[in-house]
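> Numbering (the numbering used here), first residue to last: 83 to 277.
Here a beta-carbon is modelled for each residue, glycine too, at the ideal position from N, C-alpha and C.
As structure tokens, this is what we get:
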């Protein structure tokens with residue numbers, strides 16, 4: 083008797099059908115993973131976009147992001163009074179001084195009126211020594227602040243207070259048309275580095 087091997091086409095189709103489903107499922111999973119990776123890349127990428135910063139020498143209105151970009155480019159901290167309503171005016175000088183002035187909405191950039199809160203950070207080699215010398219002048223009032231720092235203002239010019247820290251290469255000035263406000267901001271720890 084002759085033996086014939088019969089191939090059963092039905093099980094083959096079932097196998098083909100299972101393979102197709104597995105391949106389809108695998109393809110779907112790979113496609114989903116690619117979509118997730120692309121979405122993650124798009125959301126979290128560093129696209130190299132630079133925040134523009136105004137040139138040195140002229141005042142300009144800036145955003146907190148621009149202030150942070152300037153601070154990141156500077157070799158010492160730049161101080162400010164934090165976010166407030168209104169507008170921020172930034173002025174940088176070629177000798178390393180940085181001024182952040184808080185202007186009300188509608189004010190013009192470069193407004194010459196000396197009536198707005200201004201925080202200046204001044205690059206100075208012997209900043210703390212200079213503050214100690216200022217504290218020894220006639221009419222000076224000095225107070226110790228956190229981290230061994232020293233705050234000074236002079237009774238003849240009470241609208242500005244200055245502070246620095248041991249070993250610092252910068253001084254900070256806080257000016258306000260209200261002498262009490264300038265001192266309060268500095269003593270309360272409200273004048274902090276831009277981050």
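Would you decide whether residue 187 is buried or exposed? Buried here means 16 or more other CB atoms lie within 10 Å of its CB.
Taking the first residue of the chain shown as 1, we reach residue 187 at position 105. Answer is exposed; the Cβ neighbour count stays below 16.
> First and last residue of the alpha helix (DSSP H) that includes residue 279?
Because the chain here runs from 83 to 277, residue 279 falls outside it and cannot be looked at.
> Is it true that the CB of residue 234 sits closer than 8 Å to the CB of residue 216?
Within the chain shown, residue 216 is the residue found at index 134, counting from 1. Within the chain shown, residue 234 is the residue found at index 152, counting from 1. Yes; because the gap between Cβ atoms is below 8 Å, this pair is in contact.
> Assign residue 199 to one of three DSSP states: helix, strand, or coil.
Residue numbering aside, residue 199 sits at position 117 when the chain shown is read from its first letter. It is coil, neither helix nor strand.
> Using 10 angstroms around the beta-carbon of residue 106, count the other beta-carbons present and answer buried if the total reaches 16, otherwise exposed.
Within the chain shown, the letter at position 24 stands for residue 106. The residue is exposed, with fewer than 16 neighbouring Cβ atoms inside 10 Å.
> Note down, in chain order, each residue of its chain lying with its Cβ closer than 7 Å to the Cβ of residue 176, except the 5 sequence neighbours on either side.
Indexing the chain shown from 1 puts residue 176 at position 94. Once the five neighbours on either side are set aside, the close Cβ partners of residue 176 are 138 and 139.
> So for residue 251, helix, strand or coil by DSSP?
Along the chain shown, read from residue 1 onward, the residue named residue 251 stands at position 169. If DSSP states are grouped into helix, strand and coil, residue 251 belongs with coil.
> Starting from residue 144, trace the beta strand (DSSP E) in both directions and tell me its first and last residue.
The residue given as residue 144 occupies position 62 in the chain shown. Here the beta strand (DSSP E) through residue 144 covers 142-144.
> Quick one: grab the DSSP three-state call for residue 275.
Along the chain shown, one-based indexing puts residue 275 at 193. The three-state reading of DSSP puts residue 275 in strand, counting E and B together.
> Count the other CB atoms, across all protein chains shown, that sit within 10 Å of the CB of residue 202; report buried if there are 16 or more and exposed otherwise.
The residue labelled residue 202 in the question sits at position 120 within the chain shown. Counting Cβ neighbours within 10 Å, residue 202 comes out buried, since at least 16 surround it.
> Counting contacts by CB-CB distance shorter than 8 Å, is residue 222 in contact with chain B?
The displayed structure is made up of one protein chain only, and chain B is not part of it.
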